[in-house]
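As structure tokens, the structure follows; a few thoughts come after it.
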Amino acid sequence: MTETIEAPAALRQINHWIGGRSVAGTSGRKGPVFNPALGRQSGEVDFATVEEVDAAVQAAKAAFATWREVSLAKRAEIFFRIRELVHERRDEMARILTSEHGKVLSDATGEVTRGLEVIEFCCGLPTLLKSEFSEQASTGIDVYSIRQPLGVVAGITPFNFPAMVPMWMWAPAIACGNTFVLKPSEKDPSASVWTAELLKEAGLPDGVFNVVHGDKVAVDAVLEHPDIAAVSFVGSTPIARYVYEKATAQGKRCQALGGAKNHMIVLPDADIDMAADAAVSAAYGSAGERCMAVSMLVAVGSVADPLIDAIKERIPKVKVGDGMDPASEMGPLITREHREKVASYLDEGKVLVDGRENCPDDGFFLAPSLIDDVKPGMRAYEDEIFGPVLGVTRVDTYDEAVRLVNESPYGNGTAIFTRDGGVARRFQFDAQVGMVGINVPIPVPVAYYSFGGWKNSLFGDRHIYGPEGIDFYTRGKVVTSRWPDPATSKVDLGFPQTR
Ligand code: NAD
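For my numbering, add 11 to where a residue sits in the sequence shown, where the first one is 1.
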């Protein structure tokens with residue numbers, strides 16, 4: 012198994028995209044991009060300097076002057092074309108995702124499809140940007156509201172959804188008339204450049220969508236740039252908090268979505284097979300590298316033993332392998348370091364299934380793993396593992412289960428499995444979490460609702476995409492207007508009152 016560069020000439024170079032064209036980096040700093048299934052480096056990505064970030068912002072600033080003037084009808088037309096192109100080429104995009112992220116092709120296609128739903132929502136931009144009008148608010152006076160774009164806005168995205176999470180940001184931002192600078196994850200950056208080329212082909216004017224790659228240098232340059240009005244971030248909690256604090260201190264609007272530790276409660280009346288299918292799918296899909304993955308199973312009362320047996324029966328049937336093989340159901344983890352960190356959780360606790368056994372030799376693989384009796388205070392309980400390690404905690408009552416959910420510092424997603432509608436409704440009311448599933452293990456909202464967690468899973472007050480996304484990328488203006496007969500005009504120093 013080799014992890015080193017085979018021959019520098021063989022590595023694909025991944026460049027920035029500024030002002031409608033590919034731009035090679037000048038910093039001399041680059042990051043490795045791996046094929047995680049093979050465990051080999053496949054490319055290298057430029058890391059931007061402060062000046063390169065500024066060049067992207069200047070391109071976006073220049074484009075904003077004309078893009079905000081483009082009619083809603085014309086913008087919608089471009090969005091319909093974007094929709095068609097992404098739809099036609101989603102298999103191509105899925106292959107790019109699989110080759111750099113490692114997720115299996117069916118999962119990668121699912122990622123593109125869910126992102127496409129956000130693009131489709133944005134095709135309705137003329138309706139989404141409609142405002143309100145009050146005729147005769149006062150005698151002879153009309154009042155109406157307008158939502159206008161902010162200007163240049165930026166997105167900073169994680170490795171685990173290299174296509175969909177950027178779509179959550181650039182699609183509503185651009186639909187609303189902003190121009191965009193994306194700083195994607197340096198671990199799987201090719202999907203962003205592919206997107207930039209597709210947007211150009213769809214007729215998006217140069218400079219409306221720009222990509223700068225990089226690390227903290229690029230992120231800090233974005234956060235400190237005076238011409239960036241708003242920042243959307245998705246990633247781990249410590250970086251989300253950092254980005255939110257730094258961006259808002261600079262006077263920027265910011266939504267920063269962080270990490271998660273999602274509990275799935277199974278009540279004694281649940282259908283065991285359905286709950287086991289859901290737990291296996293939600294814990295091991297995408298090798299657990301989803302912010303909505305189920306990582307803690309909370310088994311209430313007598314359900315624990317039969318549920319664990321049903322999960323243990325299913326685990327060996329999960330086909331682990333190269334995501335390019337259509338037979339594979341679960342691919343590798345993103346890097347060797349991450350794989351080692353995730354595997355370290357199997358060094359303690361009551362490990363029922365150890366994924367270090369029976370997994371492919373090459374690449375960054377770890378097979379599905381299961382730990383019983385995981386309790387608060389243990390690393391496996393407290394940490395967002397972000398890998399295919401499912402912990403089970405046993406409690407006696409519904410109240411204890413809800414307390415675990417609500418005492419978590421995270422509040423991204425949670426789910427309950429039961430046949431009792433009354434208890435399920437109680438849970439919807441009780442759970443201090445942003446997204447709740449009732450017999451649905453991964454409750455990612457459809458595109459016309461908004462996505463976001465509570466507590467340490469989101470810093471800021473607006474969730475992402477859907478109506479709150481439109482709200483985030485626009486600001487309100489209210490116009491008060493009258494067309495009086497000049498003959499009736501007179502000086503009046505009193506405070507204006509409605510008449
Ligand atoms: P990450 O926080 O390491 O990286 C996210 C982005 O921040 C990347 O673009 C990265 O280059 C940048 N970054 C990393 N370190 C930085 C630093 N010190 N200073 C400035 N910028 C820095 O996250 P990741 O590992 O790419 O993604 C996985 C995490 O993202 C998980 O915690 C997962 O839960 C979270 N996530 C959350 C959601 C959500 O909707 N809440 C969705 C997807 C992923």
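Ideal Cβ positions, reconstructed from N, Cα and C, are used throughout, including at glycine.
Whole angstroms is fine: what's the gap from L93's alpha carbon to I130's?
Just to set this straight, residue 93 is Ile in the shown sequence, not Leu. Rounded to whole angstroms, I93 to I130 spans 8 angstroms at the Cα level.
Between the stretch 410-422 and the stretch 259-267, do three or more beta carbon pairs fall short of 8 angstroms?
no
What residue from C302, I250, G332 has the CA that sits closest to C370's CA?
Nearest C-alpha to C370: G332.
Just how far apart, CA to CA, sit P19 and P160?
Because P19 carries a pLDDT of 47, less than 50, the predicted location of this residue cannot be relied on, and the following value inherits that uncertainty. A direct Cα-Cα distance of roughly 44 angstroms separates P19 from P160.
Per DSSP, cross-strand counterpart(s) of I29:
In the DSSP output, where bridge partners are listed per residue, I29 has R32.
Mind checking S201: buried by the 16 CB within 10 Å criterion, or exposed?
In summary, S201 is buried, with 16 or more beta-carbon neighbours lying within 10 Å of its beta-carbon over all protein chains present.
Determine, using beta-carbon pairs with one atom in the stretch 483-491 and one in the stretch 150-158, whether at least three such pairs fall under 8 angstroms.
yes
Compute the distance between the beta-carbons of A435 and I453, then report whether it is under 8 angstroms.
no
Just to confirm, does F172 get its C-beta within under 7 angstroms of one of the non-hydrogen atoms of the ligand NAD?
yes
Note the first and the last residue of the continuous beta strand (DSSP E) segment covering T190.
190-194
Cα-Cα separation, E62 to T37
10 angstroms
Can you list the beta strand (DSSP E) stretches of 3 or more residues lying completely in the stretch 37-109, in chain order?
41-46, 51-57
In chain order, what residues of the same chain lie with their CB nearer than 7 angstroms to the CB of S196, ignoring the 5 residues before and after it?
T168, P169, F170, P173
DSSP on G445, reduced to helix/strand/coil?
coil
Counterpart residues of Y8 in DSSP-defined beta bridges
With the chain represented from 12 up to 510, any question about residue 8 goes unanswered, as that position is not in the structure.
Pick helix, strand or coil for G261, following the three-state DSSP scheme.
A small fix is needed here, since residue 261 is Gln in this sequence, not Gly. Residue state, collapsed to three classes: coil.
Given this structure, state the Cα-to-Cα distance separating M12 from E348, to the nearest angstrom.
Caution applies to M12, whose pLDDT of 34 falls short of 50 and renders its modelled position unreliable; the value that the coordinates give is listed next. One C-alpha to the other measures close to 15 angstroms.
Run through DSSP, which three-state label would A21 get?
In this structure, A21 counts as helix in the three-state DSSP scheme.
Could you check if T109 is buried or exposed, using at least 16 other CB atoms within 10 Å of its CB as the buried criterion?
buried
Which first and last residues belong to the alpha helix (DSSP H) in which R510 is found?
Here R510 belongs to no alpha helix (DSSP H), and DSSP marks it neither H nor E.
Cross-strand partners of W465 (DSSP beta bridge):
Beta-bridge partners of W465 (DSSP): G422.
Whose C-beta lies closer than 6 angstroms to the C-beta of A378 among residues of the same chain, with five residues either side of it excluded?
V331, G366, N369, C370
Could you say if the stretch 217-228 and the stretch 116-134 meet the contact criterion of at least three C-beta pairs nearer than 8 angstroms?
no
Please list the segments of the alpha helix (DSSP H) lying wholly inside the stretch 222-295, counting only runs of 4 or more residues, in order along the chain.
If we require 4 residues or more, the alpha helix (DSSP H) runs fully inside the stretch 222-295 come out as 227-235, 248-260, 283-295.
DSSP on V328, reduced to helix/strand/coil?
Note that residue 328 corresponds to Lys in the displayed sequence, not to Val. Here K328 sits in helix by DSSP.
So for S203, helix, strand or coil by DSSP?
helix
Using DSSP with H/G/I as helix, E/B as strand and the rest coil, what is R301?
coil
May I ask you to report which of helix, strand or coil DSSP gives I382?
strand
For G402, write down the residues that DSSP places opposite it in a beta bridge.
M307, I382
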